[in-house]
Every structure is written in structure tokens, then in C-alpha cells.
Amino acid sequence: MAVAPPLIAVAIARTTDDERWTAVVTDAESRDDVWWATDLDPAALVRHLGTVERDRTPRWVWWGHDTARALAHLDVRPMRCWDLAAVHRLLHGDWRANAARVWARANDLDSSSIPELRPPDLFSAADAHDPEQPVRADGYLDPAWAEGGWAGSLARLRRWNLLALDVLDRQMVRADSVMSERPAISSTLQAESTAAMLAAELEGEGVPFDRAVGERILTDLVGPRPRSAAEEVESVARRDASVLRHVPDGPSYDLRSPEQVKSMLRRCGVEVPDTRSWRLERLVDAHPVVQPLLDWRKAERMATTFGYGWIDEHVEPVGSNLGADLAASRGRLRGRWSSSDGAAGRMTATAGLHNMPAEIRPAVEAEPGHRFVRADLGQIEPRILAAVARDADLARATQDDDMYAPVAARLRVDRDIAKVAVLGAMYGQTTGVGAEGRRGRLPVLSARRARGARGARWGVFVGGRPPAAGTGATR
Amino acid sequence: MIQGAAAEFFKVWALLVRARTATAATDARIVLCLHDELLVHAPDDAVETVRAAIDDALVEAAARWSPAAGSGVRFVADTSIIRRWADAK
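In order, the protein sequence lines correspond to chains A and B.
Using my numbering, the first residue of the first sequence is number 1, and each one after it goes up by one.
Using my numbering, the first residue of the second sequence is number 476, and each one after it goes up by one.
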């Protein structure tokens with residue numbers, strides 16, 4: 001049997017802007033310092049943490065994103081961790097996981113009365129407590145500590161680690177108590193913790209992006225970069241005119257208002273209940289305004305969401321450590337990453353990283369001497385369902401490289417239709433192609449098996465927020 | 476629900492790719508995690524190693540993620556080595 005890795009807390013803080021670091025590494029079992037240092041340069045800090053990683057192969061314990069982000073910044077890549085905030089999110093379904101809330105929940109304190117940081121006032125002397133004490137008389141964390149004061153000195157980092165280990169103990173007790181309902185809870189908590197580390201790394205890394213290519217694409221789609229506010233107005237007017245010139249003379253229309261677009265189409269003799277693009281795509285032959293309107297939408301989305309402003313805001317120059325031979329236009333596209341979106345539990349990002357339109361993707365280019373390895377999972381939903389439902393027929397069907405092609409052959413339909421049929425039947429569709437899929441004896445679940453799958457307790461975090469402890473697994 | 480389970484499986488896969496590429500090629504980095512897709516930025520001489528690590532990680536993920544372990548379910552991934560993201564299908 002594998003020996004559980006030792007649990008080791010780490011707290012690090014940058015002491016000044018010139019990259020001098022303070023660090024404390026504390027063993028969970030003995031509560032003794034494994035190593036500590038102040039006024040370290042980054043290379044020495046990385047070396048010391050690397051030594052602990054190599055010699056002890058620990059599961060690192062830290063409070064949350066601050067530490068993960070600092071480690072990513074230093075390019076320290078711990079293999080295992082226990083992120084108290086990530087664990088808190090999962091155990092308690094609380095998405096606002098800051099240190100004060102994590103501490104309060106772990107200690108069964110009412111989260112609605114968490115003290116806030118206030119400027120000192122006339123009465124502050126009355127409830128003053130020793131600022132070197134992180135925990136107040138009422139049991140809550142001192143807000144000054146929780147909101148960054150923990151990083152103030154070596155002694156404080158040491159206390160912060162000890163508090164982290166107290167929270168760890170309480171979280172582990174909580175995890176044990178839900179183990180009967182969610183047998184895989186501890187591996188799920190570990191995975192969520194490491195996913196939080198990966199999120200911090202993705203933020204630090206950024207996506208290689210060629211600004212010059214990006215700007216060229218934008219110039220083709222929305223026109224040249226405006227050099228003044230007046231040019232910007234002109235460019236917008238030009239874009240709007242490409243649609244409006246097809247409309248018979250009369251009132252002017254605001255293309256950014258769906259109601260006005262509807263009126264405009266009516267004036268052109270095109271009656272629609274709404275102006276959704278899929279509806280308009282069927283009507284391109286109805287009037288010459290329709291196609292330009294669809295093109296306008298694409299350009300407008302690029303200009304407003306993924307335009308020059310987007311590049312300016314999110315593409316940062318690459319660091320000099322990546323080599324001086326890089327073209328000046330090379331940068332990294334950066335957003336904030338979250339390891340779990342709170343709905344299906346997917347990783348999410350800001351800065352449009354998750355819905356970058358196909359038009360702009362050529363600007364995402366590997367740097368010299370590098371290439372991308374891209375991988376995407378094939379037909380992930382039916383494969384996941386086969387696993388979750390423990391369905392032998394469906395499991396057999398997953399042996400195919402392409403699960404939809406054999407269904408298409410059997411039903412004598414296109415692969416795209418077969419895909420809809422499989423997914424429809426999977427989700428219990430009783431009409432249309434989904435039902436047809438079932439009549440065609442697809443390797444999909446019967447309705448009863450499907451319901452069983454939905455009700456299955458597989459002890460892992462699925463389908464959104466985990467239930468509060470004691471209320472049972474996801475049903 | 477299936478989407479939640481899929482998100483969880485994807486994460487296990489991504490974390491194994493992170494761990495395995497760290498041991499195999501120290502300069503390879505995951506730069507995007509997009510729904511069911513991973514993008515790894517790797518030095519030219521490491522791309523085949525990374526591709527193999529990604530495939531191995533998928534088999535390992537199926538064995539480690541408890542709902543799939545022992546289910547006989549096979550998972551597949553399309554992998555490609557590209558210079559621009561737009562070069563992918």
C-alpha cells in the first residue's frame with residue numbers, strides 16, 4: 001500500500017518590490033518548521049522549495065490563491081497540494097472562499113458575522129486586541145490578518161501556517177464524515193486543490209499570441225485601429241452604414257437594439273418573431289439587408305469584445321527570459337482562471353479565453369522553437385455516461401474510435417444527425433431524432449437505466465455545488 | 476449531471492498531463508484548458524514526448540477516476556502538433 005505523502009504547510013511572501021522573499025515551511029505532524037528564511041532572492045527560494053519537494057514529496061498545504069499564484073510566479077511546480085480555499089468551496093459549496101470565511105466555516109462560526117476591516121475610530125480602543133494575535137477573543141480571524149496582514153513578518157507567516165494546519169485538521173474530519181456518502185471525496189478534494197494550482201499556473205503562463213497577426217485580422221474585419229475618438233465614431237458609423245444603406249429611406253435604426261432591428265427588417269418586408277442569427281441565416285435570400293446584418297454582427301462582436309481594446313488590455317509583452325530573438329509583437333494573452341465555475345464544475349477564464357472566435361485564433365501562435373500539442377476528448381458525454389451508468393452495451397460501444405459513425409451507418413443518416421440521436425436518447429428525449437435513435441436500438445440507455453444513472457451515488461462531485469454535509473450525495 | 480462528471484474527468488486528465496509533462500519535458504506548459512480541449516506549448520524537441528504523455532494520461536485518468544475505473548469504458552483524444560491554434564480542424 002502506498003504511504004500517504006507527508007503534509008507540509010507553506011507560506012511565502014514578497015517582502016519588498018525588489019523580489020526579496022520570506023518563507024516558512026512547517027511539518028503538519030510535529031508542527032515544527034522544516035525550513036524558514038527571510039530576505040531570500042527568488043532563485044534561492046525556488047531551490048529550497050525544490051529540495052523539500054524532491055526529498056519529502058509532500059502534499060503542500062496552503063490557504064489559497066495568494067500562495068498558488070506566488071508559486072506560479074516563481075515557476076515552482078508542486079505536484080501535490082491541499083488548497084484550503086478550494087477544499088472549502090467543495091466541502092461547503094461556498095464560492096466566496098477567502099481566508100476569513102474558510103476559517104469561520106472550519107471552526108463552526110457563523111459566516112454572516114465575520115468581522116470586517118474598519119478604519120480606526122474613537123471606539124476602536126474598546127475592542128482592541130493584540131495585533132500580533134491572529135485570532136480574536138470571539139474566535140474569528142482578525143480581519144487585518146485575513147486581508148493580508150499575515151504576510152507582514154516571519155513570525156506572522158509561521159503563525160499563519162499553524163492556523164492553516166488547524167483548518168486542515170478540521171477539513172479532514174469533515175471529509176471523513178461525508179466519506180460514506182461520497183467515497184471518492186478525498187481524491188476529489190486533492191484534484192480540486194491541484195486544479196486550483198493549475199489555474200494559477202495558467203494565469204502566470206498566458207497564451208502565446210502574435211499581436212501583429214491579431215491586429216491584421218482585426219483590420220480586415222473591422223477596419224484599421226482608430227487613432228482618435230473621432231476616428232472611432234467614424235469607423236462605427238461606416239460599419240453601421242454597410243447595413244443601413246440597404247434599408248429604404250425613412251427613420252434611422254439602432255442596430256444594437258433587437259427591437260429596432262426587428263422594425264428595420266419589417267420595413268424591408270421581412271417579418272420575424274425575433275432576430276436570432278440562426279433564424280436570419282435562413283432568410284438571406286429574402287432581402288439584401290439580411291446578409292450584411294449577419295456580417296455586421298460578427299464584426300461588431302469582434303470590435304466590441306475581441307477588438308483592439310481586448311488586445312491592449314489582455315496581451316502582455318513576453319518576459320525577457322523567453323529570449324531576445326522574439327519579435328516585438330509577441331505577447332501572452334492573459335486572463336484570470338478559476339478551477340471550478342460553480343455550475344458544472346468546469347475550469348473557466350476571463351478575458352474571453354473560453355469563447356475566442358475562430359477568426360482571431362490564427363494569432364494564437366507557438367513561439368519560435370516551440371509548437372502546440374493540442375488534444376481534445378472525443379465524444380466525451382456518451383463515454384462518461386457509459387462509465388457512470390455502468391452500462392455494458394454502452395461500454396462496448398466506447399471501444400470504437402468514433403461512437404457516432406456506427407450509429408450513423410445503422411440508421412443510414414449523417415454523422416451529425418447520429419450524434420444528435422445519441423445525445424438526445426442519452427438525455428431521455430422521447431420525440432424527434434432522440435426517440436428515433438432509441439427505436440434504432442442504439443447502444444444507449446433505457447429510460448430506466450438513465451434515471452438510475454442520474455440517481456447514482458458515485459461519490460464524486462458532479463452536477464454543481466456539492467450538498468451540505470449530512471444531506472447526502474447528489475441525487 | 477453528465478456535464479459535471481465530464482468536467483471532473485477532464486480535470487483529472489489535465490492534472491495528469493500537468494504532472495507527466497513536468498517529469499518528461501520541463502519546458503512544456505499547459506496554456507489553455509478549454510471545455511474538452513487542452514493546449515500545451517512545448518519545445519520542438521519535446522512535442523512527441525508530450526503527445527505520448529497526453530495519451531498515457533488519458534489511460535491513467537480512466538483508471539484513476541472512480542466512476543470509470545474497471546468499467547471497461549474507453550476514452551479517446553485527438554491529438555495534433557500545430558504551430559497556430561487555427562491549424563486544428
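Beta carbons are placed, not taken as given, at the ideal position from N, Cα and C, and that holds for glycine.
This structure is a prediction, so every number in the text was calculated from the model and none was measured.
Backbone secondary structure at residue i - three-state DSSP
| i | result |
| --- | --- |
| proline 518 of chain B | strand |
| phenylalanine 484 of chain B | helix |
| serine 193 of chain A | helix |
| threonine 370 of chain A | Checking the displayed sequence, the identity of residue 370 of chain A turns out to be histidine instead of threonine. DSSP places histidine 370 of chain A in strand when its eight states are reduced to three. |
| glutamine 379 of chain A | coil |
| arginine 105 of chain A | helix |
| serine 555 of chain B | strand |
| arginine 441 of chain A | Unreliable positioning characterises arginine 441 of chain A in this predicted model, as indicated by a pLDDT of 47, which lies under 50. A coordinate reading is not provided. |
| tryptophan 35 of chain A | strand |
| tryptophan 310 of chain A | helix |
| leucine 49 of chain A | helix |
| glycine 463 of chain A | Low local confidence applies: a pLDDT of 30 at glycine 463 of chain A is under 50, so the model's placement there is unreliable, with the coordinate-based value given in what follows. Note: glycine 463 of chain A maps to coil in three-state DSSP. |
| alanine 450 of chain A | Note that alanine 450 of chain A scores 44 on pLDDT, short of 50, meaning its location in the model is unreliable and no value can be drawn from it. |
| threonine 423 of chain B | Outside the displayed range of chain B (476 to 564) lies residue 423 of chain B, so it cannot be described from this structure. |
| alanine 468 of chain A | Per-residue confidence for alanine 468 of chain A stands at a pLDDT of 35, beneath the threshold of 50, marking its modelled position as unreliable; no derived number is given. |
| alanine 4 of chain A | coil |
| proline 42 of chain A | helix |
| alanine 418 of chain A | helix |
| proline 224 of chain A | coil |
| alanine 561 of chain B | helix |
| glutamate 181 of chain A | coil |
| glutamate 535 of chain B | helix |
| histidine 354 of chain A | coil |
| valine 247 of chain A | coil |
| serine 252 of chain A | coil |
| alanine 494 of chain B | helix |
| serine 287 of chain A | What sits at residue 287 of chain A in the sequence shown is histidine, not serine. DSSP places histidine 287 of chain A in coil when its eight states are reduced to three. |
| alanine 543 of chain B | coil |
| aspartate 401 of chain A | coil |
Residue range of the unbroken alpha helix (DSSP H) whose run includes residue i
| i | result |
| --- | --- |
| threonine 304 of chain A | 290-305 |
| alanine 408 of chain A | 404-411 |
| threonine 67 of chain A | 65-74 |
| arginine 266 of chain A | 258-267 |
| leucine 244 of chain A | 229-244 |
| valine 173 of chain A | 154-177 |
Delimiting residues of the beta strand (DSSP E) encompassing residue i
| i | result |
| --- | --- |
| aspartate 274 of chain A | Run containing aspartate 274 of chain A: none; DSSP gives neither H nor E here. |
| arginine 504 of chain B | 504-509 |
| glutamate 147 of chain A | Here glutamate 147 of chain A belongs to no beta strand (DSSP E), and DSSP marks it neither H nor E. |
| isoleucine 360 of chain A | Isoleucine 360 of chain A -> no beta strand (DSSP E), and no H or E assigned at all. |
| aspartate 391 of chain A | Per DSSP, aspartate 391 of chain A belongs to no beta strand (DSSP E) and is neither H nor E. |
| valine 315 of chain A | 315-317 |
Beta-carbon spacing of residue i, residue j below 8 Å
| i | j | result |
| --- | --- | --- |
| valine 492 of chain B | proline 208 of chain A | no |
| alanine 86 of chain A | alanine 482 of chain B | no |
| tryptophan 60 of chain A | leucine 84 of chain A | no |
| alanine 363 of chain A | phenylalanine 372 of chain A | no |
| asparagine 98 of chain A | alanine 146 of chain A | yes |
| aspartate 511 of chain B | phenylalanine 485 of chain B | yes |
| leucine 117 of chain A | valine 24 of chain A | no |
| arginine 82 of chain A | alanine 199 of chain A | According to the sequence provided, residue 82 of chain A is tryptophan. The question's arginine does not apply to it. No; because the gap between Cβ atoms is not below 8 Å, this pair is not in contact. |
| leucine 218 of chain A | methionine 302 of chain A | yes |
| isoleucine 360 of chain A | arginine 211 of chain A | no |
| leucine 513 of chain B | alanine 375 of chain A | yes |
| valine 407 of chain A | valine 388 of chain A | no |
| glycine 214 of chain A | arginine 334 of chain A | no |
| alanine 494 of chain B | methionine 79 of chain A | yes |
| threonine 38 of chain A | leucine 154 of chain A | yes |
Sheet register partners of residue i (DSSP bridge)
| i | result |
| --- | --- |
| phenylalanine 209 of chain A | A:Gly331 |
| tryptophan 337 of chain A | A:Ala349 |
| aspartate 83 of chain A | A:Trp62 |
| threonine 16 of chain A | A:Arg20 |
| valine 135 of chain A | A:Leu141 |
| threonine 26 of chain A | A:Ala9 and A:Asp33 |
| leucine 202 of chain A | In DSSP, leucine 202 of chain A forms no bridge with anything. |
| leucine 513 of chain B | A:Ala375 and B:Cys508 |
Distance cut-off 7 Å: residue i Cβ against heavy atoms of the ligand HEM
| i | result |
| --- | --- |
| glycine 269 of chain A | Absence of the ligand HEM is noted for the structure shown, with no ligands found whatsoever. |
What are the residues of the stretch 541-563 of chain B that lie near chain A, defined by any Cβ-Cβ distance shorter than 8 Å?
-> Ser541, Pro542, Ala543, Ser546, Gly547, Val548, Arg549, Phe550, Val551, Ala552, Asp553, Thr554, Ser555, Ile556, Ile557, Arg558, Arg559, Trp560, Ala561 and Ala563
Just by C-beta distance, which residues in the stretch 361-378 of chain A are closer than 7 Å to chain B?
-> Arg361, Pro362, Val364, Glu365, Ala366, Gly369, His370, Arg371, Phe372, Val373, Arg374, Ala375, Asp376, Leu377 and Gly378
Which residues, taken in chain order from the stretch 382-410 of chain A, show a beta carbon closer than 7 Å to some beta carbon of chain B?
-> Arg383, Ile384, Leu385, Ala386, Ala387, Val388, Arg390, Ala395, Thr398, Gln399 and Asp401
Against chain B: residues of the stretch 194-209 of chain A by CB proximity under 9 Å | Thr194, Ala195, Met197, Leu198, Ala199, Glu201, Leu202, Glu205, Gly206, Val207 and Pro208
Using Cβ-Cβ distances below 8 Å, what residues of the stretch 508-529 of chain B are close to chain A?
-> Cys508, Leu509, His510, Asp511, Glu512, Leu513, Leu514, Val515, His516, Ala517, Pro518, Asp519, Val522, Val525, Arg526 and Ile529
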